[in-house]
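Okay, so the sequence shown: first residue is 353 according to the working numbering, each after it adds one.
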Amino acid sequence: MSIKPNIAAISVNFDLGAGRRGASHGPKAIFEAGLLQELQQLADTVDHVADLRLVNDTATHLDTQVDSTNLNYFAEVIAINTQLAEQVSQVVGQGHFPLIIGGDHSIAIGTIAGLSAHYSNLGVIWIDAHSDLNSPDTSPSGNIHGMSLAVSLGIGHPLLTDIHGTNPKVKPENIVLIGARSLDEGEKKLIRSLGIKCFTMYDIDRKGMAHVMQEAIDYIKIKTDGVHLSYDVDSVDPIEAPGTGTAVKGGLHFREAHLAVEMLHEAGIVTSAEFVEVNPLLDDSNKTSQLAVSLISSLFGEQIL
Numbered sequence: 353m354s355i356k357p358n359i360a361a362i363s364v365n366f367d368l369g370a371g372r373r374g375a376s377h378g379p380k381a382i383f384e385a386g387l388l389q390e391l392q393q394l395a396d397t398v399d400h401v402a403d404l405r406l407v408n409d410t411a412t413h414l415d416t417q418v419d420s421t422n423l424n425y426f427a428e429v430i431a432i433n434t435q436l437a438e439q440v441s442q443v444v445g446q447g448h449f450p451l452i453i454g455g456d457h458s459i460a461i462g463t464i465a466g467l468s469a470h471y472s473n474l475g476v477i478w479i480d481a482h483s484d485l486n487s488p489d490t491s492p493s494g495n496i497h498g499m500s501l502a503v504s505l506g507i508g509h510p511l512l513t514d515i516h517g518t519n520p521k522v523k524p525e526n527i528v529l530i531g532a533r534s535l536d537e538g539e540k541k542l543i544r545s546l547g548i549k550c551f552t553m554y555d556i557d558r559k560g561m562a563h564v565m566q567e568a569i570d571y572i573k574i575k576t577d578g579v580h581l582s583y584d585v586d587s588v589d590p591i592e593a594p595g596t597g598t599a600v601k602g603g604l605h606f607r608e609a610h611l612a613v614e615m616l617h618e619a620g621i622v623t624s625a626e627f628v629e630v631n632p633l634l635d636d637s638n639k640t641s642q643l644a645v646s647l648i649s650s651l652f653g654e655q656i657l
């Protein structure tokens, strides 16, 4: 992103993919924390092009078409992600940089679906405490925010994997997981069997964040024609990011979280991004919303000096 981008911001007010309510208020909190004002200093243009939320009539109509499933709020997740995929695809087609503000991480299904039509080898950098690689068979909860990356790989219910056409949306060799520290057994097996590049918190502790990020950048830039960053704030330690529904101790420190996006900016490889799982109902004096704004700003080139 050496050239200032034309940013098209899309807010997605949705939290039914998660086990705890509240992330649907994340976009409003992040915008109120000054996101657009910050980005206006860093981008060529910034427009808030869509403010998506669930339309109840759409979900009710879909509910009559889906078969019995153990997936929570299945029809609603399909409905919001179908909207989002269409909006993201439109933004990319106009030559703008899509910046998606969630919402829970189930919205990555729609984001990646919308992007996939425009890239033959889409790369995904997934910064998250979790891998979100569960399927309906392996999920301990049935919450779809824990399945979104698997769905993008073509694993899961066909009504999810087939959103916006092409399937799978991303290849396993084009994915890099960073910051993982809470993986279910089924996810561990899938990561190993598919050979997905995964840097856990152990790798970050041992090698350092700069080394891990450079390795991730070098790995993904030669394989892909576009790179999507999916940044879950629960990758950051709860001391720094208390306002999230799936907090796990032992996460990224403040400077590690920033270094990741600063290095991605310097590399100039990111073509779209989403930031998810800010839950203002669990936050402490808007600490997590403000962190999200600062991380997004760093991705677009905000510097200390």
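No residue lacks a Cβ here, since even glycine has one placed at the ideal position from N, Cα and C.
C-beta contact flag for residue i and residue j at 9 Å
{"i": "M553", "j": "G602", "result": "yes"}
{"i": "V600", "j": "L647", "result": "no"}
{"i": "L643", "j": "V588", "result": "yes"}
{"i": "E629", "j": "H470", "result": "no"}
{"i": "I548", "j": "L485", "result": "yes"}
{"i": "T596", "j": "L535", "result": "no"}
{"i": "H545", "j": "M499", "result": "The residue you asked about is not His; residue 545 is Ser in the sequence shown. Not closer than 9 Å, so no."}
{"i": "Y571", "j": "V613", "result": "no"}
{"i": "A437", "j": "I515", "result": "yes"}
{"i": "H482", "j": "T598", "result": "yes"}
{"i": "V564", "j": "I591", "result": "no"}
{"i": "S582", "j": "A460", "result": "yes"}
{"i": "M561", "j": "L611", "result": "yes"}
{"i": "D456", "j": "G369", "result": "yes"}
{"i": "N519", "j": "L474", "result": "no"}
{"i": "P450", "j": "S624", "result": "yes"}
{"i": "I556", "j": "L512", "result": "no"}
Nearest to residue i (by Cα), restricted to the options the options
{"i": "I362", "options": "T640, Y425, Q439, I430", "result": "Q439"}
{"i": "A385", "options": "F652, V645, S649", "result": "V645"}
{"i": "H448", "options": "N638, V476, D396", "result": "D396"}
{"i": "I543", "options": "S487, A431, Q655, L388", "result": "S487"}
{"i": "P524", "options": "T576, A562, T490", "result": "T576"}
{"i": "I569", "options": "I479, I359, L406, A460", "result": "I479"}
{"i": "I382", "options": "G371, D403, K541", "result": "D403"}
{"i": "E654", "options": "I464, L535, L391", "result": "L391"}
{"i": "L505", "options": "I464, K380, Q446", "result": "I464"}
{"i": "G578", "options": "E428, A502, K521", "result": "K521"}
{"i": "N422", "options": "A437, T490, G374", "result": "T490"}
{"i": "I359", "options": "A593, V622, I556", "result": "V622"}
{"i": "V407", "options": "T434, N638, E618", "result": "T434"}
{"i": "A427", "options": "N473, F366, L451", "result": "F366"}
{"i": "N424", "options": "D555, G371, C550, K356", "result": "G371"}
{"i": "I355", "options": "A375, S468, L394", "result": "L394"}
{"i": "P357", "options": "Q446, R373, G374", "result": "Q446"}
{"i": "N495", "options": "R373, R405, F551", "result": "R373"}
Sheet register partners of residue i (DSSP bridge)
{"i": "N422", "result": "Note: N422 sits in no beta bridge, so no partner."}
{"i": "R405", "result": "N365"}
{"i": "F449", "result": "I359"}
{"i": "D399", "result": "A360"}
{"i": "V476", "result": "I527, H580"}
{"i": "G455", "result": "Paired residues: none, contrary to the question."}
{"i": "F652", "result": "The partner list for F652 (beta bridge, DSSP) is empty, contrary to what the question assumes."}
{"i": "F627", "result": "I453, Y583"}
Nearest-angstrom beta carbon gap, residue j and residue i [assumed within contact, 8 Å]
{"i": "V444", "j": "H580", "result": "The Cβ separation is near 10 Å, so there is no contact."}
{"i": "E626", "j": "G454", "result": "6 Å"}
{"i": "V398", "j": "L388", "result": "6 Å"}
{"i": "G462", "j": "I432", "result": "7 Å"}
{"i": "P594", "j": "H377", "result": "Actually they do not touch by this definition, with Cβ atoms about 15 Å apart."}
{"i": "K573", "j": "A619", "result": "7 Å"}
The ligand NAP heavy atom lying under 8 Å from the CB of residue i
{"i": "R533", "result": "Ligands displayed in this structure: none; no statement on the ligand NAP is therefore possible."}
Inside the stretch 589-625 only - alpha helix (DSSP H) runs reaching at least 4 residues: 606-619
Contiguous beta strand (DSSP E) assignments of at least 3 residues, all confined to the stretch 516-562: 527-532, 549-552
Segments assigned alpha helix (DSSP H), at least 4 residues, entirely inside the stretch 476-510: 500-504
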